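Peer 1: Just so you know, we're using my numbering here: the sequence shown kicks off at 1005 and counts up by one.
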Amino acid sequence: IHQDLAYAGVPAELILSNVEICTDPYAAAKGAHALATLTEWDEFRNLDLPRVYDAMLKPAFVFDGRAVLPSEALKKHGFDAFVIGKGA
């Protein structure tokens, strides 16, 4: 992601101060208001949704760009969930 942003002309100091690489999805969720699923990797299909929700700031948004997360389960656990390409 750092290279993609640099290629797009984003200054290095802005990238380094605003982009954090996390080792797992739960670390990425901590303190976030929104998550975006942009891959179909299996590790994102079976997330512990209550754990993710508890780690996030509220309101907690999920934008699922690959339709890999169960939208009804997301809503059940309190997320404002949007499956990109399927409407609200």
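Glycine included, C-beta positions come from ideal geometry on N, C-alpha and C.
Quantities reported herein were computed from a predicted structural model and do not represent experimental measurements.
#1: Would the beta-carbon of Asp1052 fall within 8 angstroms of that of Phe1065?
#2: Note down the Cα distance separating Lys1079 from Gln1007, rounded to an integer number of angstroms.
#3: Just the C-alpha distance for Thr1027 and Glu1047, rounded to the nearest angstrom, thanks.
#4: At 3 residues or longer, and completely inside the stretch 1034-1089: list those beta strand (DSSP E) runs for me, N to C.
#5: Let's test the definition: count the other Cβ atoms within 10 Å of the Cβ of Ala1071 and tell me whether it reaches 16, buried, or not, exposed.
#6: Looking at the unbroken alpha helix (DSSP H) that takes in Glu1093, where does it start and where does it end?
Peer 2: Based on what the coordinates show:
#1: no
#2: 34 angstroms
#3: 12 angstroms
#4: 1038-1041, 1065-1068, 1084-1087
#5: exposed
#6: There is no way to answer for residue 1093, as the model of the chain reaches only from 1005 to 1092.
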